[in-house]
Every structure is written in structure tokens, then in C-alpha cells.
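Heads up, the thing below is written out as C-alpha cells.
In my numbering, the protein residues as written are 3 to 495.
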């Protein structure tokens, strides 16, 4: 019963307050403004952000956001809707994979929960970016392929290749290369004759053509500009960076909470379990490949989470070291309770939120193995219901954009921002914002007070000058009133 309750709570919390927060900057702003423009211009091929070409990523993420805007209107809920949906879909695929590998219903249900409630994954499912769509299509590709491998149903193989094509339209060749590498290594261990299956070699050109047509088009239309971006996005990161090779091992301790520490003994145990071999190869392939790449970003290994969840869930259900599982459950539940209590008092939030700190210890009394998941639900409810609304009070981007539109409803005046550029302002002002340029007369100027003395501000706004993507730092800066500045808005004539 507890696992089904957790599934319902997880689905509900994925959509709780989903549209209550303004566009996060800088990264989410790129997808918000570009997709809004796509819907307005009906040009869904060439991404344009703030009047400039944005060729760093293929268009499928923009299409998902545009579809959300088309269905629900241009708002923050629509911006994130399909990311939340695909996040839950990735959890479902993890559950299906777990069932295919283990035939254990409890493992399958728990795999879903471990994915959707892991810290890094949950955060990205509430934020418009390519990471969740990529994780979904990689999981779909590999789950379909494994189903084909066990059933020899050619339709499943065709669907797997189509899924990899869609993944390439999210983030380029990595969506084909990584699944292909995982399948190759698995077959090298399990069934070498299958590597010679001619269907793979017949379908590969079609999958590449369907997945890379956008890249080919942009190379033909935008030439060296696109090629420079493509090479930078896909190859420069291989050698440009200084992160240590063990980066992802340390990052997993935080990103894969609440079962992060248990994942490592689970992985060791999984080496001895033949039914988990595919999940082990999937996991290690991502960790090894991206550990060798010089530039390391936590989300790079997130497509491994569905397999990591299967390994962890099966370990929880059937693995040894019960005392370790119990110790970790007590530790992580205590951690969640402590964080909630500290958050309530440090940010001076209504004291009723402190009641959520009781959820983890109460869960320990009834469902020890699942208690960390109940703790995660309580923490995410606290984050979405208390912490982020606290931050939202200090975010005035929508208000600033609306004021600019009041000054110039038809968008006839050039608009400048001086002193700092807020990446979500083009979305809220519904226009191009000129930056790093001296304002022309007959324009709207948004300027940090003291940086422009040629007009008197009609209204002032307090704006954050840091990156909101670093959420913990943003929270501390907000509490300490650090990295905020007053910006004035004037008509410069």
C-alpha cells in the first residue's frame, strides 16, 4: 500500500506549483523566449533567442515548449508541462525495464520512484531544458531495444531506432552514440553473434538521417557559424575542462539522493546478478565515458538514472546488508527533517511548515525501506510550497516586462538593458532587449542605478544579478540581500 501511495504523491508533486514561478535564468529563459517566438513566427526550424541565432541545441526541446504554449497559453506551467510529463515517463520506462530484467513487481514500482524522486532528476523535471527529454529518449531507445532482443519483434527495433532519432533532435549525436555503445558492450559480453544482426546496419542510416537532418540543414544554411557551435558543443568539451576524473562519483552522493550512498554497494552486488547485467553496462558506460571527458556537468550522466534506479531498487528488495540499508534510511530521513527545520527558521517561514519534518521519522516507524522516499516527498513539498515562493517575492521580472509593455504596447521602441542582462526579460517584455550597446534616443532604457544619467527613472525594480541555476547560492543571496541591485526604467528622448 505504501508504494502505491508514494506513486500517487509523486505524480501530484510533479505538477504542484509547476507554473507558480517565473522563468529561471539564465538557462530556462533561452527555451521560453525562443519557443514563444517560434509560435509567433511559425518558424520551428531555426531557433532565435532575443533576436539572435541560437544553434547550440536541436529544436525538439523548443517544440515541446511550443506545444505546451499552444495548448495552455504562453505561461510558466505550459513551459514546464512536457518536461514534468516526460520525467514521469522516464520513471515509467525505468519500471518497465526493471520488470523486463527481474520480473519483480516491487522492484519495478520502486524503480519508478527512485528515478522520479532523485534530487537531480526531480529538479530538472521542473525546469525547461534538454536534459529530461534526452533522458527519456535514451531510456525509451534502450528499453525498446531490450524488449526486441528478448522477443525478436522487429517493430520494437524500428521504434528503438526512431526513438534514438528523436533523441538526436534533442541533443545531437550523443543520443545515438551512447545507446549504440551500451548495446554493443552488452552484446559483446552476452551474445556476440547478435552484433552481426543485419537489421542494425540497415536501420542505422535511416535513424541518422532522421535524427541529424536539422544539423545538415543548419550546416547548409548557416555554414561555419553552425559548424563552430556544433564542434564546440560536441567535441570541445572532450578536452576543455579541469574537473577530476572522479567528479561523478562525488556528485552522485548529492544528485542521486535519497538512495545515493546505497547505489554504490548496490552496483557491486549487481555485478553478481546476471539479470542486472544490462543495467550495469548502461550505468557504467555513462559514468566511464563522461568521466573521461574533461568538462563535467552533473546532468551529463542523468540518462543513466533509469538503470541506476533498477539496480538500487532490486538491491533494496533482494540485496544483502540490511543493517546498511537501515542505517542509511535513518541517516537520510534525519537529514531531510533537519534541512526542513533549518529552512523554516533560517528563512523565517510560517512555523506550520516545520510539521513536514515529522514525515521522515514517522515513515521510519512503518516503512523503513521506503522511508527515504517519504522524506524526499516531504522535502520537495517544502521546497515547492515554501522555499521557492519565498524566493519568488524577490523576483520582479514579470513586473518589469509588463511595465515595459505598458510604455510601448506595440513594441515600436528599441529597448536596452545596461549594467546587467536578465536573460528572461525578452520573454516577459516580448521583444528584443539590446545589451552591450549605447542607447539611442527614442528608446526604453533599463539601467542599473548610477550607470546611466541621461534620463530619470519612471520606476525602479530590484533585480538579481547572479545565476538562479545555482539555486542554493541564490537562496543564500536572497536571504542576505546579496547580488541584488536597483534598476530604473526610463524613456530616453
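Every residue, glycine too, gets a C-beta built ideally from N, C-alpha and C.
Is residue 437 helix, strand or coil when you go by DSSP?
strand
Which parts of the segment 85-149 are runs of the alpha helix (DSSP H), unbroken and 4 residues or longer, counting only runs that do not cross its ends?
107-118 and 121-126
Closest to residue 132 by CA distance: which of 108, 148, 97 and 89 is it?
89
Please report how far the alpha carbon of residue 63 lies from the alpha carbon of residue 172, in whole angstroms.
6 angstroms
Between which two residues does the alpha helix (DSSP H) carrying residue 227 extend?
200-233
Per-residue DSSP class, three states only, for residue 492:
strand
Where does residue 97 land, buried or exposed, given buried means 16+ other C-beta within 10 angstroms?
buried
Residue range of the unbroken alpha helix (DSSP H) whose run includes residue 324
324-348
Would you say the segment 424-441 touches the segment 394-404, given that touching needs at least three Cβ pairs under 8 angstroms?
yes
Following the continuous alpha helix (DSSP H) through residue 171, name the residue where it begins and the one where it ends.
156-173
Collapsed DSSP secondary structure at residue 372 in the structure displayed
coil
Expressed to the nearest angstrom, what Euclidean distance is found between the alpha-carbon atoms of residue 343 and residue 467?
29 angstroms
Just to confirm my understanding: we take residue 27, look at its own chain, exclude 5 residues before and 5 after, and list those with CB closer than 7 angstroms. What are they?
424, 425, 426 and 470
Does the distance from the CB of residue 99 to the CB of residue 308 come in under 8 angstroms?
yes
Among 261, 15, 414 and 118, nearest to residue 335 - alpha-carbon criterion:
261
Can you list the alpha helix (DSSP H) stretches of 4 or more residues lying completely in the segment 235-309, in chain order?
249-257, 262-272 and 279-294
Using a threshold of 8 angstroms, state whether the C-beta atoms of residue 285 and residue 310 are closer than that.
yes
Measure the beta-carbon distance from residue 447 to residue 409 and round it to whole angstroms, keeping in mind my assumption that it falls under 8 angstroms.
Rounded, the Cβ-Cβ distance is 11 angstroms, inconsistent with contact.
What are the residues that DSSP puts in a beta bridge with residue 409?
Answer is none; residue 409 lacks a bridge partner.
Which first and last residues belong to the beta strand (DSSP E) in which residue 464 is found?
461-466
Identify whether residue 417 lies in helix, strand or coil by the three-state DSSP scheme.
strand
Own chain, CB closer than 8 angstroms to residue 18, minus 5 neighbours either side, in chain order
383, 386 and 387
In angstroms, rounded to a whole number, what distance separates the CA positions of residue 493 and residue 459?
8 angstroms
Alpha-carbon to alpha-carbon, residue 450 and residue 167
45 angstroms
Are residue 106 and residue 316 touching if we call contact CB-CB under 8 angstroms?
yes
For the segment 46-87, which segments carrying the alpha helix (DSSP H) assignment without a break, of at least 4 residues, lie completely within its bounds, in sequence order?
62-74
Cα-Cα separation, residue 368 to residue 329:
15 angstroms
Give me the Cα-Cα distance between residue 462 and residue 487, rounded to the nearest whole angstrom.
10 angstroms
Best match in 191, 217 and 245 for proximity to residue 280 [C-alpha to C-alpha]
191
So residue 293 and residue 247 are in contact, right, with Cβ under 8 angstroms, and what is the actual spacing, rounded?
5 angstroms
For a test of the three-state rule: what should DSSP assign to residue 196, helix, strand or coil?
helix
For residue 249, which residues of its own chain have a beta-carbon under 6 angstroms away from its beta-carbon, when the five flanking residues on both sides are left out?
298
Work out the CA separation of residue 113 and residue 91 for me, nearest whole Å.
12 angstroms
Would you be able to state if there are at least three C-beta pairs under 8 angstroms between the segment 29-42 and the segment 72-83?
yes
Distance check for residue 495 and residue 94, CA to CA, integer angstroms please.
58 angstroms
Secondary structure of residue 395, DSSP reduced to three states
coil
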